[in-house]
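The structure appears below as structure tokens.
Number of protein chains: 2
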Amino acid sequence: MANPKSFDETEVLGTALGVFLRKGYSRTSIADIKKASRLSAGSLYFAFESKQDLFLRVVAFYIRYVVVARIERYIHDQGFFDGVRSYFESTFKNKEYGRCGCLLTITSAEPHLDDVVVRQVKNGFQIIEQEFRRIVQLAQENGEISRKRDPNLIAQHLFTSYQGLLVLVRFGKSDRYLKTVTDAALAYLR
Amino acid sequence: MANPKSFDETEVLGTALGVFLRKGYSRTSIADIKKASRLSAGSLYFAFESKQDLFLRVVAFYIRYVVVARIERYIHDQGFFDGVRSYFESTFKNKEYGRCGCLLTITSAEPHLDDVVVRQVKNGFQIIEQEFRRIVQLAQENGEISRKRDPNLIAQHLFTSYQGLLVLVRFGKSDRYLKTVTDAALAYLR
DNA sequence: CTACAAATAGAACAATCGTTCTAATTGAGT
DNA sequence: ACTCAATTAGAACGATTGTTCTATTTGTAG
Numbered sequence: 370m371a372n373p374k375s376f377d378e379t380e381v382l383g384t385a386l387g388v389f390l391r392k393g394y395s396r397t398s399i400a401d402i403k404k405a406s407r408l409s410a411g412s413l414y415f416a417f418e419s420k421q422d423l424f425l426r427v428v429a430f431y432i433r434y435v436v437v438a439r440i441e442r443y444i445h446d447q448g449f450f451d452g453v454r455s456y457f458e459s460t461f462k463n464k465e466y467g468r469c470g471c472l473l474t475i476t477s478a479e480p481h482l483d484d485v486v487v488r489q490v491k492n493g494f495q496i497i498e499q500e501f502r503r504i505v506q507l508a509q510e511n512g513e514i515s516r517k518r519d520p521n522l523i524a525q526h527l528f529t530s531y532q533g534l535l536v537l538v539r540f541g542k543s544d545r546y547l548k549t550v551t552d553a554a555l556a557y558l559r
Numbered sequence: 370m371a372n373p374k375s376f377d378e379t380e381v382l383g384t385a386l387g388v389f390l391r392k393g394y395s396r397t398s399i400a401d402i403k404k405a406s407r408l409s410a411g412s413l414y415f416a417f418e419s420k421q422d423l424f425l426r427v428v429a430f431y432i433r434y435v436v437v438a439r440i441e442r443y444i445h446d447q448g449f450f451d452g453v454r455s456y457f458e459s460t461f462k463n464k465e466y467g468r469c470g471c472l473l474t475i476t477s478a479e480p481h482l483d484d485v486v487v488r489q490v491k492n493g494f495q496i497i498e499q500e501f502r503r504i505v506q507l508a509q510e511n512g513e514i515s516r517k518r519d520p521n522l523i524a525q526h527l528f529t530s531y532q533g534l535l536v537l538v539r540f541g542k543s544d545r546y547l548k549t550v551t552d553a554a555l556a557y558l559r
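These protein sequence lines map, in sequence, to chains F and Z.
Count the first sequence with the numbering used here and you get residues 370 to 559, in order.
Count the second sequence with the numbering used here and you get residues 370 to 559, in order.
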């Protein structure tokens with residue numbers, strides 16, 4: 370045994386996430402990751418198998434600690450309608466990773482991705498949609514939404530509006546515009 | 370005078386559009402364009418100033434002869450509701466450029482674009498939104514939509530749903546799913 | 001038929017990409 | 001203190017990028 374690892378892998382994942390969000394998968398170079406993480410090529414390739422391997426782990430990190438964690442927290446703290454509104458608004462108000470869109474959304478726009486990557490992104494999408502379905506059903510039990518409506522349909526609508534919103538966020542629409550869009554998406558649920 | 374141009378520039382723009390739609394701006398190489406158009410680097414750089422110049426002209430071509438032309442035709446032939454439905458469905462049913470998403474949508478997801486490109490894409494988005502607003506107002510005059518509703522809001526909703534749909538199309542959701550999403554977007558307008 | 005410039009083809013350029021390799025450094029176990 | 005393997009840094013590799021350069025071909029005007 371000698372020379373224990375001098376950096377926290379999770380921390381690197383968070384840093385890399387920021388870079389991937391800003392530049393996208395294929396246009397992010399290892400040089401970018403090196404600069405952001407202050408690690409050398411040697412260290413990076415010692416810790417991660419390849420650029421693709423690093424990205425896959427970043428996606429998993431993102432789904433778990435950004436997307437799902439955020440949804441849970443908002444819904445738990447504020448209930449369905451206000452929680453969804455806060456979640457939608459976090460896409461353009463959040464300081465940490467805000468205004469960059471969603472890692473899954475921007476990745477799905479990239480061409481000729483490896484099958485493994487596609488599967489990982491698909492999985493992420495399903496998790497988000499499933500979360501939406503879950504909170505809709507919860508809201509129906511609470512009486513916040515009528516039990517007569519189809520939760521699948523509502524979840525789909527939520528998901529599509531969310532994706533549309535993210536495109537507009539990425540594209541730099543004004544906060545006022547994005548707020549109106551959020552309102553319209555929520556109005557459909559009343 | 371000698372040796373007149375042996376290829377049609379518009380034809381090249383159409384071919385290049387197909388490549389850019391499949392691969393995105395930054396990941397499309399001049400080699401790709403060469404292969405698709407069967408032109409040499411010399412010819413391409415004789416006709417177009419640079420890769421960026423070519424792309425700008427492709428975007429203009431796309432807005433005019435694909436997006437706007439398609440909207441006009443569907444609305445003219447089928448009226449508002451069926452027209453919008455057909456237009457939405459063309460994003461995943463059209464054989465020519467279908468299933469690739471929208472050139473503007475996928476470009477807006479790309480990082481660090483030149484200001485000139487950003488402006489061109491922004492312009493395209495505005496044109497689409499403006500077209501939506503125009504056909505909504507037209508539908509209000511026809512009585513297809515209540516005159517009491519705010520056409521700007523409806524156009525915004527249409528635009529956002531359209532962008533969300535395009536993300537899902539690009540991502541390979543099933544026709545059935547996409548049709549449901551389209552229905553939900555239209556239901557909001559009734 | 002000759003001359004000439006527009007148009008073309010393809011080799012060559014520097015820059016950047018992801019990745020690998022080789023040393024040098026590090027610190028715990030003996 | 002010495003050993004030895006885990007870890008690190010950074011040079012180097014071949015492949016690919018957008019672009020430029022140099023010939024060569026081409027068709028028409030005189």
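Here a beta-carbon is modelled for each residue, glycine too, at the ideal position from N, C-alpha and C.
Quick caveat, the model's predicted, so the values are computed rather than measured.
Next item on the list: Along the alpha helix (DSSP H) that carries Asn511(F), what are the first and last residues, could you check?
Entry: 484-511
Check: Under the rule that 16 or more other beta-carbon atoms within 10 Å means buried, what is Arg539(F), buried or exposed?
Finding: buried
Checklist line | Closest Cα partner of Leu333(F) within the set Ala524(F), Lys542(F), Glu378(F) | finding: Since the displayed chain F opens at 370 and closes at 559, residue 333(F) lies outside it and no answer follows.
Next item on the list: Look at Phe449(F) and Leu534(F) and say whether their C-beta atoms are less than 9 angstroms apart.
Entry: no
Check: Mind checking if Glu500(Z) is an interface residue toward chain F, Cβ cutoff 9 angstroms exclusive?
Finding: no
Check: Closest by CA to Leu507(F), which one among Val453(F), Asn492(F), Leu537(F), Arg488(F)?
Finding: Val453(F)
Margin query: Is it buried or exposed, Lys598(Z), if we count other Cβ atoms within 10 angstroms and call 16 or more buried?
Written below: Given that chain Z is displayed from residue 370 to residue 559, the structure contains no residue 598(Z) and the question cannot be resolved.
Next item on the list: Return the chain-ordered list of same chain residues with a C-beta closer than 8 angstroms to the C-beta of Arg426(F), the five sequence neighbours on each side being excluded.
Entry: Leu382, Phe417
Checklist line | Contact list for Glu479(F) against chain Z, beta-carbon separation under 7 angstroms | finding: Gly393
Next item on the list: Please list, in chain order, all residues of the same chain as Thr384(F) whose beta carbon is under 7 angstroms from its beta carbon, the five residues on each side excluded.
Entry: Only Ala405, Ser406 meet the Cβ criterion.
Notebook entry, point to check: Who are the neighbours of Leu534(Z) on chain F, taking C-beta pairs under 9 angstroms?
Noted result: Thr529, Gln532, Gly533
Checklist line | chain Z within 9 angstroms of Lys579(F), Cβ atoms only | finding: An answer regarding residue 579(F) cannot be provided, because it is not within the stretch 370 to 559 covered by chain F.
Margin query: For the stretch 455-472 of chain Z, list every residue whose C-beta sits within 8 angstroms of some C-beta in chain F, in sequence order.
Written below: Gly470
Check: Which chain Z residues sit within Cβ distance under 7 angstroms of Tyr557(F)?
Finding: Tyr557
Check: Helix, strand or coil: how does DSSP classify Ala478(Z) here?
Finding: In the structure shown, Ala478(Z) sits in coil (DSSP, three-state: anything other than H, G, I, E or B).
Check: Can you give the Cα-Cα distance for Cys469(F) and Ile475(F), rounded to whole angstroms?
Finding: 9 angstroms
Check: Can you name the residues of chain Z whose CB is closer than 8 angstroms to the CB of Gln525(F)?
Finding: Residues of chain Z with a Cβ closer than 8 angstroms to the Cβ of Gln525(F) are, in chain order, Tyr546, Thr549, Val550, Ala553.
Next item on the list: Output the distance between the C-alpha atoms of Gly367(F) and Leu547(F), rounded to the nearest integer angstrom.
Entry: It is not possible to answer for residue 367(F), since the shown part of chain F is limited to 370 through 559.
Checklist line | First and last residue of the uninterrupted alpha helix (DSSP H) at Ser398(F) | finding: No alpha helix (DSSP H) holds Ser398(F); DSSP gives it neither H nor E.
Item checked: Beta-carbon proximity check, Val435(F) vs Tyr394(F), cutoff 9 angstroms -> Contact: no.
Item checked: Backbone secondary structure at Phe417(Z) - three-state DSSP -> coil
Notebook entry, point to check: According to the neighbour-count rule (16 or more other Cβ atoms, all chains shown, within 10 Å of its Cβ), is Val411(Z) buried or exposed?
Noted result: The displayed chain sequence assigns Gly, not Val, to residue 411(Z). So Gly411(Z) ends up on the exposed side.
Notebook entry, point to check: According to the neighbour-count rule (16 or more other Cβ atoms, all chains shown, within 10 Å of its Cβ), is Ser530(F) buried or exposed?
Noted result: Buried is the call here.
Notebook entry, point to check: Applying a beta-carbon distance threshold of less than 7 angstroms, which residues of chain F neighbour Thr384(Z)?
Noted result: By Cβ distance, chain F contributes nothing, its closest Cβ being about 16 angstroms from Thr384(Z), past 7 angstroms.
Item checked: Residue from Ser375(Z), Ser398(Z), Lys392(Z), Val428(Z) with nearest C-alpha to Arg488(Z) -> Val428(Z)
Notebook entry, point to check: Going along chain F in order, which residues have a C-beta closer than 8 angstroms to the C-beta of Phe540(Z)?
Noted result: Near Phe540(Z) (Cβ distances below 8 angstroms), the residues of chain F are Ser477, Val490, Lys491, Phe494.
Next item on the list: Please check if any C-beta of chain F sits within less than 9 angstroms of the C-beta of Thr379(Z).
Entry: no
Notebook entry, point to check: DSSP three-state call for Asn521(F): helix, strand or coil?
Noted result: helix
Checklist line | Arg502(F) versus Ile496(F) - alpha carbon distance | finding: 10 angstroms
Note to self: My assumption, with CB atoms under 8 angstroms, is that Leu522(F) sits in contact with Thr549(Z). Please give the rounded CB distance.
What the structure shows: 7 angstroms
Margin query: Can you tell me whether Gly470(Z) is helix, strand or coil according to DSSP?
Written below: coil
Margin query: Checking 9 angstroms against the spacing of the C-beta atoms, do Lys392(F) and His481(Z) come in under that value?
Written below: Contact flag set, yes.
Item checked: Span separating the alpha-carbon of Leu390(F) from that of Ile432(F) -> 13 angstroms
Notebook entry, point to check: Can you list, in chain order, the residues of the stretch 412-444 of chain F whose Cβ is nearer than 8 angstroms to any Cβ on chain Z?
Noted result: none
Check: Run through DSSP, which three-state label would Phe528(Z) get?
Finding: helix
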